[in-house]
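Residue numbers (the working numbering), protein chains in the order written: chain F, 2 to 657; chain S, 835 to 916. This report refers to the structure that appears directly beneath it.
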């Protein structure tokens with residue numbers, strides 16, 4: 002990627018980061034649409050021999066042979082038995098029965114996590130710079146599990162099986178599928194097995210935001226990643242005939258519009274279809290749009306397809322207006338004709354001009370790439386949000402990372418829009434989603450793993466979470482683009498990842514396999530369900546009290562049952578236990594807690610912890626006392642341990 | 835009418851494998867054949883789960899669920915890219 006290494010501080014001081022030799026020992030497995038091995042991001046120049054731990058292979062198939070792999074892309078396999086069983090034999094005229102990526106998504110995610118540096122990268126001149134993965138010297142193993150018709154659980158499990166056997170160290174999965182219980186969800190089950198082997202598993206949180214309860218991949222042994230913006234934008238301005246200007250975004254490159262105002266028409270008034278405003282295929286009347294710029298509303302079909310529809314009908318440009326579903330979130334696209342996307346507010350104002358002026362006119366001005374955009378990051382509207390619908394007591398997402406307008410490697414099989422008519426070939430593409438934020442965190446997890454090879458997956462996640470930031474440098478809270486207001490831990494989890502701080506977190510909240518089993522016992526899982534997840538014949542110790550609240554997680558999600566357990570004064574107290582492990586130098590840490598609401602009091606005991614040696618563990622209890630509030634009320638808080646040098650922060654959510 | 839086959843992931847309690855079987859895949863296959871002569875194992879799993887995936891009718895899946903050593907018979911799920 003370009004820009005995100007700088008945005009994350011990876012380019013600041015190379016001495017802060019692990020030595021390249023240790024990073025090159027880390028293998029990141031990516032389950033996705035496969036890989037385009039010819040991408041310059043898989044150049045292996047300067048990399049030493051493949052790690053001796055590696056047991057994988059480069060599987061041959063359509064347009065893919067063993068020589069497609071090298072010392073960067075060390076493995077590539079494909080899994081299609083489940084797909085073919087459900088949907089019939091793969092049509093090899095449409096997709097390669099091999100690890101080759103005909104879609105682009107898998108090449109984008111794998112190069113984001115560990116691509117080699119490529120100078121002079123850009124998409125049609127946009128987002129120029131040196132593109133590199135987060136762990137630029139780590140090795141990549143691609144496991145193709147997603148096909149044109151989707152990704153099937155039997156194939157995903159087979160890929161996870163293989164990745165574990167191959168000895169990957171990190172797994173990156175930018176996919177999800179609904180909200181099944183942990184023992185019924187193959188990603189959750191496979192991730193448990195990976196975690197048992199010490200593999201750090203990072204998954205995307207989903208793109209179903211900004212609605213609540215929309216998260217995927219919420220198992221506590223998975224690191225769940227939401228998406229935020231970076232400080233880069235691609236402005237393209239709408240200039241109306243009445244002199245008013247509106248800001249939009251675009252990645253259009255091609256013949257520009259003439260330098261004059263052009264006739265402007267609303268798609269809904271240029272179609273006989275009931276949903277003509279959406280610019281669906283063949284919905285526009287060429288007689289009404291030829292030579293004009295067309296305003297289309299967002300929704301239903303792909304954004305880039307709307308541009309194609311306008312172009313096919315003879316339109317010369319498009320303004321794409323968000324509706325309430327997307328609000329002010331702007332996603333830039335490499336449209337096939339001059340086009341820009343505007344937010345709902347701008348769209349409404351542009352439409353009122355269109356409807357009130359008898360001869361409306363417009364032009365679009367493209368301003369290229371702008372950096373230094375503030376505030377950034379802001380939580381992307383599409384990023385899925387908590388609370389966690391499977392286990393509300395575990396706060397998810399865990400963290401956010403860059404996921405909007407990310408430039409990374411692309412397939413040579415399709416153009417940047419993915420449309421069949423798009424015959425452009427690009428080495429890099431700019432796309433958005435939690436699919437893009439997940440591999441950022443996978444790569445950063447690989448860096449932490451390289452710096453601390455003995456750390457467990459939970460310790461790596463803890464380091465990433467407790468050092469994440471929730472405020473801008475000016476002290477203001479991170480914003481949510483969906484509301485324009487401060488985001489909450491239900492939106493950003495522990496905050497935005499800060500890899501420089503994560504390398505030296507001071508303390509971590511560690512978790513073992515046994516801790517997760519206790520968690521399953523606390524959820525009252527049956528022995529069959531526990532065996533399904535753990536593969537072991539385990540029973541819960543009836544003499545032991547199992548509490549979800551005691552899972553040593555780096556965040557807190559408190560549910561106050563309205564009217565239950567309340568004292569006569571109307572307050573409820575809930576007690577949580579946590580254990581901190583010293584992974585830094587000896588130090589004395591003091592606790593500071595804060596709550597946004599005076600309805601909750603937080604008491605940490607003890608509030609001072611002294612660590613005198615490495616790996617020393619200290620336990621504390623925290624009591625949250627809340628007064629009654631109407632059901633559905635949420636408020637937020639934070640507990641922070643600090644020795645003056647390190648800050649070990651945990652977000653808290655309170656729900657009634 | 836329950837005759838159409840679909841994919842299932844079968845989770846096995848490996849610790850319950852009868853001693854008469856020398857290898858767990860033989861036990862898996864035997865369990866599968868007890869409900870469907872024609873069904874084949876698509877994948878066998880050892881590291882991610884203990885079990886296999888196969889194509890079964892709804893009735894066969896129900897019968898398999900009741901067999902000894904079967905933890906769960908879960909229908910195939912479709913995931914999507916994010």
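All residues carry an ideal CB built from backbone N, CA and C; glycine is no exception.
Simplified DSSP state of residue i, which is helix, strand or coil
| i | result |
| --- | --- |
| residue 902 (chain S) | coil |
| residue 383 (chain F) | coil |
| residue 255 (chain F) | coil |
| residue 204 (chain F) | strand |
| residue 876 (chain S) | strand |
| residue 548 (chain F) | coil |
| residue 35 (chain F) | coil |
| residue 849 (chain S) | helix |
| residue 82 (chain F) | helix |
| residue 566 (chain F) | Legend: pLDDT at residue 566 (chain F) = 47, less than 50; position of this residue unreliable, value from coordinates given subsequently. It is coil, neither helix nor strand. |
| residue 235 (chain F) | coil |
| residue 862 (chain S) | helix |
| residue 51 (chain F) | coil |
| residue 20 (chain F) | coil |
| residue 223 (chain F) | coil |
| residue 351 (chain F) | helix |
| residue 602 (chain F) | strand |
| residue 6 (chain F) | helix |
| residue 636 (chain F) | strand |
| residue 357 (chain F) | helix |
| residue 511 (chain F) | coil |
| residue 651 (chain F) | strand |
| residue 517 (chain F) | helix |
| residue 487 (chain F) | strand |
Whether residue i touches residue j by CB criterion (8 Å)
| i | j | result |
| --- | --- | --- |
| residue 384 (chain F) | residue 435 (chain F) | yes |
| residue 1 (chain F) | residue 13 (chain F) | No answer is possible for residue 1 (chain F): the residues shown for chain F start at 2 and end at 657. |
| residue 78 (chain F) | residue 51 (chain F) | no |
| residue 217 (chain F) | residue 191 (chain F) | no |
| residue 596 (chain F) | residue 494 (chain F) | no |
| residue 266 (chain F) | residue 343 (chain F) | no |
| residue 150 (chain F) | residue 84 (chain F) | yes |
| residue 113 (chain F) | residue 444 (chain F) | yes |
| residue 36 (chain F) | residue 102 (chain F) | yes |
| residue 318 (chain F) | residue 167 (chain F) | no |
| residue 508 (chain F) | residue 648 (chain F) | no |
| residue 31 (chain F) | residue 229 (chain F) | no |
| residue 403 (chain F) | residue 223 (chain F) | no |
| residue 656 (chain F) | residue 398 (chain F) | no |
| residue 291 (chain F) | residue 315 (chain F) | yes |
| residue 236 (chain F) | residue 335 (chain F) | no |
| residue 126 (chain F) | residue 307 (chain F) | no |
| residue 209 (chain F) | residue 225 (chain F) | no |
Contacts around residue i, its chain only, beta-carbon distance under 8 Å, and the 5 residues preceding and following it disregarded
| i | result |
| --- | --- |
| residue 536 (chain F) | 194 |
| residue 599 (chain F) | none |
| residue 457 (chain F) | 199, 511, 512 and 513 |
| residue 371 (chain F) | 233, 234, 235 and 236 |
Same chain only: Cβ atoms within 6 Å of residue i, ignoring 5 sequence neighbours per side
| i | result |
| --- | --- |
| residue 901 (chain S) | 865 |
| residue 662 (chain F) | Outside the modelled stretch of chain F, which goes from 2 to 657, sits residue 662 (chain F), for which no answer is possible. |
| residue 183 (chain F) | 189 and 220 |
| residue 894 (chain S) | 869 and 870 |
| residue 486 (chain F) | none |
| residue 27 (chain F) | 139, 170, 447, 450 and 451 |
| residue 561 (chain F) | 573, 627 and 657 |
Close beta carbons around residue i, own chain, < 7 Å, minus the five adjacent residues each side
| i | result |
| --- | --- |
| residue 67 (chain F) | 59 and 61 |
| residue 874 (chain S) | 888 |
| residue 324 (chain F) | 298, 299, 300 and 345 |
| residue 272 (chain F) | 284, 285 and 286 |
| residue 432 (chain F) | 109 and 407 |
Contact set between the region 899 to 913 of chain S and chain F, restricted to residues whose Cβ is under 8 Å from the partner: 905, 906, 908, 910, 911, 912 and 913
Residues in the region 837 to 862 of chain S having any Cβ partner in chain F nearer than 9 Å: 839, 840, 841, 842, 843, 845, 847, 848, 849 and 850
Length-filtered (3 minimum) beta strand (DSSP E) runs lying within the region 87 to 160 of chain F: 119 to 124, 127 to 132, 140 to 145 and 151 to 153
Contact set between the region 519 to 537 of chain F and chain S, restricted to residues whose Cβ is under 7 Å from the partner: 529, 532, 533 and 536
Secondary structure, alpha helix (DSSP H): runs of 4+ residues fully inside the region 384 to 460 of chain F: 435 to 452
Ordered list of beta strand (DSSP E) runs contained in the region 248 to 307 of chain F, each at least 3 residues: 263 to 267 and 294 to 298
Residues, ordered as in the chain, of the region 877 to 898 of chain S that lie near chain F by beta-carbon distance below 8 Å: 877, 879, 880, 881, 882, 883, 884, 887 and 889
Contact residues within the region 57 to 85 of chain F, judged by C-beta distance below 7 Å to chain S: 82 and 83
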